[in-house]
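Written below as structure tokens is the structure these notes are about.
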Amino acid sequence: MDTLQFLFDGFLVALTPMNLMWVTLGGFLGTIIGMLPGLGPATGVAVLLPLTFSMGPTAALITMGGVYYGAMFGGSRASILINTPGDGAAVAATFDGYPMTLQGRAESALAISAIASFIGGIFATFCMVAIAIPVARFALKFGPAEYFMLFLFALSATASMTEGNRLRGFLATILGLMISTIGIDGQSGVVRFTFGVLELQSGIDFLIVIIAVYALGEVFKSFNNIHTGKTNVQKKFGKIWITREEWRKSVWPILRSAPLGFFVGALPGAGGTMASLMSYNNEKQLSKHPEEFGEGAIEGLAAPESANNAASVGAMIPMLTLGIPGSGTTAVMMGALLLLGLQPGPMLFQQQPLIIWGLIASMFIGNIILAVMNIPLAGLLVRVLSVPPKILYPIVLGLSFVGAYAISYSIMDFYLLIIFGLAGFLMSKAKIPSTPMILAVIVGNNMEQSFRRAYKISDGSLGIFVGSPICIILIALTVISIAYPVFKGIVDKKKKSSSPA
Amino acid sequence: MRKEKVFALLLSLIFALTLGLTAEGQGDASGNGKAAPAYPKGVLDFVAPGGAGGGWDLTIRTTAKVLKDSKLVTVPMPVRNNPGAGGSVNLASLQEKKGSDKIICVYSPPLILTKLAGTTDLGYTDVTPLARLIADYAVFVVAADSPYNSMADVMDALKKDIKSVKIGGISSAGSMDHIQFLMMAKAAGIKNLNQIDYVSFDDSAAAQVLGGHIDLFSTGLSEVLGLIESGDLKALGQTADHRVGEGVVGEIPTCVEQGIDATFVNWRGLFGAPEMPDYAVTYWRETLAKMVETPEWKAACKTNGWDDAYMDAPEFGTFLGQVDKEYTDILKDIGLIK
Amino acid sequence: MKSSIVPSLLFLLLGLIYTTATLLLPEASVGRPFEPKIFPLTLGIAMILLSLGLMARELKTEEGESSSENVPFYKEAGFSKILLTCLFSLVYALVFDKLGYVLSTMLFLEAELLIFNGKENWKINTIVSLAFSLFIYIVFSKLLGVYLPMTPVIWI
Numbered sequence: 494m495d496t497l498q499f500l501f502d503g504f505l506v507a508l509t510p511m512n513l514m515w516v517t518l519g520g521f522l523g524t525i526i527g528m529l530p531g532l533g534p535a536t537g538v539a540v541l542l543p544l545t546f547s548m549g550p551t552a553a554l555i556t557m558g559g560v561y562y563g564a565m566f567g568g569s570r571a572s573i574l575i576n577t578p579g580d581g582a583a584v585a586a587t588f589d590g591y592p593m594t595l596q597g598r599a600e601s602a603l604a605i606s607a608i609a610s611f612i613g614g615i616f617a618t619f620c621m622v623a624i625a626i627p628v629a630r631f632a633l634k635f636g637p638a639e640y641f642m643l644f645l646f647a648l649s650a651t652a653s654m655t656e657g658n659r660l661r662g663f664l665a666t667i668l669g670l671m672i673s674t675i676g677i678d679g680q681s682g683v684v685r686f687t688f689g690v691l692e693l694q695s696g697i698d699f700l701i702v703i704i705a706v707y708a709l710g711e712v713f714k715s716f717n718n719i720h721t722g723k724t725n726v727q728k729k730f731g732k733i734w735i736t737r738e739e740w741r742k743s744v745w746p747i748l749r750s751a752p753l754g755f756f757v758g759a760l761p762g763a764g765g766t767m768a769s770l771m772s773y774n775n776e777k778q779l780s781k782h783p784e785e786f787g788e789g790a791i792e793g794l795a796a797p798e799s800a801n802n803a804a805s806v807g808a809m810i811p812m813l814t815l816g817i818p819g820s821g822t823t824a825v826m827m828g829a830l831l832l833l834g835l836q837p838g839p840m841l842f843q844q845q846p847l848i849i850w851g852l853i854a855s856m857f858i859g860n861i862i863l864a865v866m867n868i869p870l871a872g873l874l875v876r877v878l879s880v881p882p883k884i885l886y887p888i889v890l891g892l893s894f895v896g897a898y899a900i901s902y903s904i905m906d907f908y909l910l911i912i913f914g915l916a917g918f919l920m921s922k923a924k925i926p927s928t929p930m931i932l933a934v935i936v937g938n939n940m941e942q943s944f945r946r947a948y949k950i951s952d953g954s955l956g957i958f959v960g961s962p963i964c965i966i967l968i969a970l971t972v973i974s975i976a977y978p979v980f981k982g983i984v985d986k987k988k989k990s991s992s993p994a
Numbered sequence: 005m006r007k008e009k010v011f012a013l014l015l016s017l018i019f020a021l022t023l024g025l026t027a028e029g030q031g032d033a034s035g036n037g038k039a040a041p042a043y044p045k046g047v048l049d050f051v052a053p054g055g056a057g058g059g060w061d062l063t064i065r066t067t068a069k070v071l072k073d074s075k076l077v078t079v080p081m082p083v084r085n086n087p088g089a090g091g092s093v094n095l096a097s098l099q100e101k102k103g104s105d106k107i108i109c110v111y112s113p114p115l116i117l118t119k120l121a122g123t124t125d126l127g128y129t130d131v132t133p134l135a136r137l138i139a140d141y142a143v144f145v146v147a148a149d150s151p152y153n154s155m156a157d158v159m160d161a162l163k164k165d166i167k168s169v170k171i172g173g174i175s176s177a178g179s180m181d182h183i184q185f186l187m188m189a190k191a192a193g194i195k196n197l198n199q200i201d202y203v204s205f206d207d208s209a210a211a212q213v214l215g216g217h218i219d220l221f222s223t224g225l226s227e228v229l230g231l232i233e234s235g236d237l238k239a240l241g242q243t244a245d246h247r248v249g250e251g252v253v254g255e256i257p258t259c260v261e262q263g264i265d266a267t268f269v270n271w272r273g274l275f276g277a278p279e280m281p282d283y284a285v286t287y288w289r290e291t292l293a294k295m296v297e298t299p300e301w302k303a304a305c306k307t308n309g310w311d312d313a314y315m316d317a318p319e320f321g322t323f324l325g326q327v328d329k330e331y332t333d334i335l336k337d338i339g340l341i342k
Numbered sequence: 083m084k085s086s087i088v089p090s091l092l093f094l095l096l097g098l099i100y101t102t103a104t105l106l107l108p109e110a111s112v113g114r115p116f117e118p119k120i121f122p123l124t125l126g127i128a129m130i131l132l133s134l135g136l137m138a139r140e141l142k143t144e145e146g147e148s149s150s151e152n153v154p155f156y157k158e159a160g161f162s163k164i165l166l167t168c169l170f171s172l173v174y175a176l177v178f179d180k181l182g183y184v185l186s187t188m189l190f191l192e193a194e195l196l197i198f199n200g201k202e203n204w205k206i207n208t209i210v211s212l213a214f215s216l217f218i219y220i221v222f223s224k225l226l227g228v229y230l231p232m233t234p235v236i237w238i
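Structure below.
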């Protein structure tokens, strides 16, 4: 087997002491950067750019890879502990991770997050070794129409699974989509809904909305809790590990989410956020106890954590096999490769097999190192919870603002943060769910643009949206995702009425 | 309780305002300093008006690195990203730093295009040109199994049916990837330019042309170099006035060779803040002229596939005026400017 | 009028405003002129319909079932503090560039800690705000090279 020979050679490269040091360093730095709000893997890799000038291409690539999946490991720490996602891919970790913390189960949450990330990462790396090229070729089948249907499916699945009132879920989705239409319309150059504000022309960064709704929203809610004395300071901390029961609940969601994350990650432009949210929806739909999701269900944390790490590996596929950046982070990595005199593209595998296979081997090693490193690190981090809330919340505010600033260095984002923070608070008072809105803000622009691209390519015929098998499968999934909860509701009602209380 | 809050608020407001005012005074004093014996002093402020990893970012980081490695500049040159609205956000913030001698930023055709598209009122006259450094060229690629084998094939198809070839690019409608194709189409004699379907992709247009979703991808040479070398994409033409690069790239014919009498240069140059003091302008003109001669710079150009297109500030200013007119004409043709 | 229909009324209003704003958008000069309006128009109309649907549902449900047992949020004890936080944040945004990161953040945190922690703990408050702003500045600006505005006079 050629592949095995290459992989073996790759391990020889990755296991040299220097490269081991680089992957550890990269992973550590990535974890730290991932934990800070607003700083995600893209910034992490960009920060490293000047450093990589002085490394060889292999070391540079290995280090940047380490930063990338290190950030995926670290990103969910703040989500779990203080409800402040560091970047888009860590949003899903707040859904059940933060409720777990509130219930005093932060240790399990941090542990399962590291374990799920590890399994997701390793699984995806195996996939990469085995099927990188076919996956990359298959991903090419996704044209604008397919992307539009994919986004539509993700949105409808999220909205229709909103507990209680589905109308509210769809309203929140529409609101999020409206926010995403602000800015220059790429297909026509028309400026929409910016009220003459220059900074709004490039649209509202979804991270701002995320930080505002989650972190500021949490601070705003806390005012009432502190007032009524409903605050909890954790004094005793257990071991960072999970029980057998928790493992039993999580193992299948982790294994199911890894391939999903890997594939969605490999689609250029879809990325870790989509992967983690889709896997969350997926598990909620499959679960026998969907009502526990959002209330601290461990599988609701395990699934997206596995998926987003797998997605970070998947995202390297279009870059390495085709020289096409699949995400913001890989775009920066490609820039770095160019600076180092490497031309990413299909020839890279043939011209520089040692570099590529060295990187792949380092992913195996890096994921192991990160898992080992993250468990004790989590033991330190969890002590954040012993800080009294009246000091912790102002710090969360401080972190939110600096995170928002680091996204595009613009004061405008501070105002947006305040506006969306208030809006999020009012929405929670009106029982409008925020998750569908967040997802809509994240995929909205891409979704509309995909629609418009398809519309233009087909000369204004809507037939293109049912024109391929992928489209038809996605439409079927969308219909099921809307119909299934309704159907289930009717069945449940019948059951209730037929069996005496 | 209430009193306390009001008090705290007032206190912080007063504190903030007084400090704000003094700080402003400080800024003015340092900005208008007339005598400047030792320049550069302190920390310089290198700005990429786009995000990390983009073309602007790459250019300014490379410049900073070469200046440092060749010891032409010994003070620190940290690079800052100030993205937004195709560079217009940075352009606006430069207007608040009039007369600064610390800021050096990089720009390219969007500096002119964003103003023409109506994105901003600010343009190339609102910055101080220091030097043009490099040039990149546009390339038009199709999938390997595409029926089009030359630019003429594409233009003929468009003349027969203007909707038959779907053009894809990364930037939004009316900006670079769109304009560079239209300039070629115009030179080839196509009249109804605004009828040509241009599809803007944020970052994945190479995958789209490979997957056959669009017919032609209008982009920069360095974006698709790897795919051209591997034979997955067929390059129909590039927009320089001469052949560029070596090997497979050197075999890409220019549009001029194919009878389309037009060129498009994606120039990149360095600019200072408006009303940059003379001593600073002089310093940078001299330093950059030295920099482009260094082996470090030549090597960087080679690895990045850039053409050395150095132009000193006065010529660069004239050049900017010329391209401004060219872009205006084409945007008028498609009706983006009324 | 029942208070529970207020959200749906607000959404209806937003939907109407958004739809109007969409119709007022300029026409595209490249491609089909109405294209930039298709998607927003769909959103506007969908929001109007959904908000009407929500309103109808709220009107149908009994008063007792809706959220009427809760105090309205603006009468809750914490609400004035929320507004105060927003005000402090606005001031923070206004002075951020002028005062630089360290100083403006210190003041902002000091003010926030005053709301949360009370003025009797001013010593702790000052230590926390100073330590936080310096720590973040060093990590972001010095270690990671992420630009943060410098505080004048002391130049950090």
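Protein chains in written order, with our numbering: chain E, 494 to 994; chain A, 5 to 342; chain Z, 83 to 238.
From the three backbone atoms N, C-alpha and C, an ideal C-beta is built for every residue, glycine too.
Keep in mind the model is a prediction, meaning the values are calculated, not measured.
- The three-state secondary structure of Z/A110, taken from DSSP, is coil.
- Looking at the DSSP output, A/W271 bridges to A/A139.
- Rounded to the nearest whole angstrom, the CA to CA distance from E/P637 to E/G819 is 15 Å.
- Apart from sequence neighbours up to five positions away, the residues of its chain that approach E/G816 with a beta-carbon distance below 6 Å are P837, G838, ordered along the chain.
- Between E/I904 and Z/D179, the gap from beta carbon to beta carbon is short of 8 Å.
- Three or more Cβ pairs closer than 8 Å define a contact, and the stretch 971-983 of chain E meets that threshold against the stretch 651-666 of chain E.
- Sixteen is the threshold: when 16 or more other Cβ atoms of the shown chains lie within 10 Å of the Cβ of A/D49, as they do, the residue is buried.
- Contact between E/S601 and E/I791 is confirmed by a C-beta separation of about 7 Å, below the 8 Å threshold.
- DSSP places A/R84 within a strand segment (E or B) once states are collapsed to three.
- Closest in alpha carbon position to A/C259, among A/K164, A/N153, A/L231, A/L335, is A/N153.
- The continuous stretches of alpha helix (DSSP H) do not include A/T223, which lies in the beta strand (DSSP E) extending over residues 220-224.
- Assignment of alpha helix (DSSP H) within the stretch 671-715 of chain E, counting only whole runs of 4 or more residues, yields 699-703 in chain order.
- Of the candidates E/T928, E/I810, E/I704, the residue whose Cα lies closest to the Cα of E/A759 is E/I810.
- In terms of CA proximity to E/Y948, A/V203 leads the group A/V203, A/G46, A/G55.
- Interface annotation, Z/G227: in contact with chain A, CB-CB separation under 8 Å.
- DSSP places Z/C168 within a helical segment (H, G or I) once states are collapsed to three.
- Using a Cβ distance threshold of 8 Å, E/L518 and E/T545 do not count as a contacting pair.
- Proximity of the stretch 668-675 of chain E to the stretch 927-939 of chain E meets the contact definition, three or more beta-carbon pairs being nearer than 8 Å.
- For A/M295, the CB contacts under 8 Å within the same chain, skipping 5 residues up- and downstream, are T67, V70, L71, S74, L76, W301 in chain order.
- Between the stretch 955-962 of chain E and the stretch 111-130 of chain Z, the count of C-beta pairs closer than 8 Å stays below three; the two stretches do not touch.
- Closest in alpha carbon position to A/V146, among A/L120, A/G178, A/S168, A/L214, is A/L214.
- Distance from the Cα of E/F913 is smallest, within the candidate group E/I526, E/S569, E/E711, E/F499, for E/E711.
- Close to chain A, meaning a Cβ-Cβ distance shorter than 9 Å, are the following residues of the stretch 98-131 of chain Z: A110, S111, V112, G113.
- Rounded to the nearest angstrom, the gap between the Cα atoms of E/V877 and E/G891 is 15 Å.
- Using a Cβ-Cβ cut-off of 8 Å, E/S547 does not count as an interface residue toward chain A, since no Cβ of chain A sits closer than that to its own.
- Counting C-beta atoms within 10 angstroms of its own C-beta, E/W850 has 16 or more neighbours from the protein chains shown and is therefore classed as buried.
- Looking at the backbone, the Cα of E/V865 and that of E/A599 are separated by about 18 Å.
- Contact residues of the stretch 282-294 of chain A toward chain E are absent (C-beta to C-beta distance below 7 Å).
- Between the C-alpha atoms of E/L633 and A/E255 there is a straight-line separation of about 27 Å.
- Ranked by how close their Cα comes to the Cα of E/G503, the residues E/S855, E/N939, E/M771, E/N801 have E/S855 in first place.
- Counting along the chain, no beta strand (DSSP E) covers A/Y331; the unbroken alpha helix (DSSP H) around it starts and ends at 317-337.
- Cβ-Cβ separation between Z/L226 and Z/Y219: approximately 11 Å, too far for a contact (criterion under 8 Å).
- Less than 8 Å separates the beta-carbon of E/G676 from that of E/L693.
- Of the candidates A/G127, A/I166, A/N308, the residue whose Cα lies closest to the Cα of A/V93 is A/G127.
- Counting along the chain, E/Q778 sits inside the alpha helix (DSSP H) bounded by residues 764-779.
- Take A/A189, set aside five residues on each side of it, and the residues of its chain with a beta-carbon closer than 8 Å to its own are M159, L162, L197, I200, in chain order.
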